[in-house]
Amino acid sequence: MLVLNCGSSSVRYRLFDGDEVRAKGLIQRIGEAGGDAGDHLTALRDLMDRLDLSDLAAVGHRVVHGGERFTESTVVTDEVVAAVEELIPLAPLHNPGSLTGIRVARKLLPDVPQVAVFDTAFHATIPAEGVLWAVDRDLARRFGLRRYGFHGTSHSYVSRETARLLGKPLAEANVITLHLGNGASASAVRGGRCEATSMGMTPLSGLVMGTRSGDIDPSLVFHLHRAGGLPLDEIEESLTRHGGLAGLAGANDMREVLERRAAGDADATLAFDVYIRRLKEYIGSYLAVLGRVDAITFTAGVGENAPDVRLAALSGLEPLGITVDPVRNRENALVISPDGAPVTVCVVPTEEELEIANESRRALGL
Ligand code: AMP
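Residue numbering for the sequence shown follows this note's numbering, starting at 4 and increasing by one per position.
Here is the structure:
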């Protein structure tokens, strides 16, 4: 299985033999001066020349936005390509890259089946009350205004791994999954089915992220436009690229924020506090959505590597059965709650590419 994650100027790839990684890498700055390749076609052709693809079963593509149409991984046809193209207005920053990757891979490997695996699909089980906003329903229908959610392959993978860690059948495990990377999102998963997630129509809402604001009062946009005279594109750029930790502390990398906070930097301290407060609000909300929670699982760059973030996010929740063992937490152990705690707190490294490979196999019935 070859897994491709194509962005507008990059290609992340991983070649699997079963669960084993045979090759992996990143082609960067495609189309830019001094970049790794002039365009996606050249980048993928060179890549395919380098890899041994003699017994390739399929190519799995990460596609960020599947809209309402794609609720599961789907074998690529001309019609699927056209439908992903129609979704570009909903994901102008993300879907064009995936689409280019699919088109080029189909051209280069015409006899190999291709599967589209959507970041949104895992969230298709969220009930209507969890995806609708209280806005004019005609506008909502016409323009697809609703929550879709993202990072689905990660939430799916880590919730399943958490059930395994708990020694419970997936259908019986209620898990809050916290994907804290450069992008970040939280999900409430009941018995393997997602019931709530923090990202919305786009990956901008919810938690505080590296450069994205997360939740804001939408009136802020009108105010910046009317009172500040900022064009909409600039406001979008500000909220997506100069928000989050970058907006509050001037640094998008949690490592830098933590170092500066430890040195007493006031902006970094405040950025950390806002980040943690938002995380706590979502954890509390998802405890209420699920009612009974078996586990809280941290994953992705920050979630897997930042004990201070995990400890702060769960501090004060002991009355709810949530405790962190400081030694296990420091060691980034798989389970960081004490033995016998009512809620198991886990650290599960995410494996989005493996999940895409497995999803592709499932879609093809392999
Ligand atoms: P990801 O998007 O999952 O690759 O996560 C990337 C982010 O993880 C980086 O921007 C860092 O902020 C964060 N990160 C990686 N390693 C550490 C670490 N040791 N401590 C805190 N944050 C980390």
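Think of the CB as a built atom: it goes at the ideal place given N, C-alpha and C, for glycine as much as any other residue.
Continuous alpha helix (DSSP H) stretch holding residue i: start and end
i: GLU366; result: Sequence inspection shows Ala at residue 366; the Glu mentioned does not correspond to that position. Note, ALA366: alpha helix (DSSP H), 355-367.
i: PHE436; result: Residue 436 falls outside the range modelled here, since the chain spans only 4 to 369, and no answer is possible.
i: GLU262; result: 257-265
i: THR128; result: Careful: THR128 lies outside any alpha helix (DSSP H) and carries neither H nor E.
i: VAL83; result: 81-89
i: PHE225; result: 222-229
i: ARG244; result: 235-244
i: ALA189; result: It is not in any alpha helix (DSSP H) - ALA189 instead sits in the beta strand (DSSP E) that spans 187-193.
i: LEU169; result: 155-169
CA-to-CA distance, residue j to residue i, given in whole angstroms
i: ILE286; j: LEU54; result: 43 Å
i: ARG295; j: GLU362; result: 29 Å
i: ALA166; j: SER190; result: 15 Å
i: TYR151; j: ALA309; result: 28 Å
i: LEU3; j: ALA269; result: It is not possible to answer for residue 3, since the shown part of the chain is limited to 4 through 369.
i: GLY69; j: HIS158; result: 16 Å
i: ARG196; j: GLY319; result: 28 Å
i: LEU5; j: VAL118; result: 10 Å
i: ASP114; j: GLU75; result: 23 Å
i: ALA131; j: VAL211; result: 25 Å
i: LEU290; j: ARG280; result: 15 Å
i: ALA271; j: ARG109; result: 46 Å
i: SER13; j: ALA36; result: 14 Å
i: SER222; j: ARG229; result: 10 Å
i: HIS43; j: VAL107; result: 7 Å
i: ASP328; j: GLU88; result: 48 Å
i: VAL83; j: SER340; result: 44 Å
Span of the beta strand (DSSP E) around residue i
i: ASP20; result: 14-20
i: ARG25; result: 23-30
i: LEU183; result: 177-183
i: PHE121; result: 117-121
i: VAL348; result: 347-350
i: ILE299; result: 298-302
Buried or exposed (CB count within 10 angstroms, at least 16 for buried), residue i
i: PRO95; result: exposed
i: ALA298; result: buried
i: GLY267; result: exposed
i: HIS226; result: exposed
i: PRO206; result: buried
i: THR80; result: exposed
i: ARG140; result: exposed
Just jot down, in chain order, the residues whose CB lies closer than 5 Å to any heavy atom of ligand 1.
-> In chain order, the hits are GLY184, ASN185, ASP256, MET257, ARG258, ALA303, GLY304, VAL305, ASN308 and ALA309.
Decide yes or no for the touch test of the region 13-33 against the region 44-52: beta carbon pairs closer than 8 Å, at least 3 of them.
-> Contact between the region 13-33 and the region 44-52 is established, with three or more Cβ pairs separated by less than 8 Å.
When the Cβ atoms of the region 148-163 are set against those of the region 200-215, are three or more pairs found closer than 8 Å?
-> Cβ pair count under 8 Å is three or more, so yes.
Hey, is the region 175-184 in contact with the region 57-73, meaning 3+ C-beta pairs nearer than 8 Å?
-> Contact between the region 175-184 and the region 57-73 is not established, with fewer than three Cβ pairs separated by less than 8 Å.
Counting pairs of beta carbons, one from the region 120-136 and one from the region 311-326, are three or more of them closer than 8 Å?
-> Output reads no: the region 311-326 does not touch the region 120-136.
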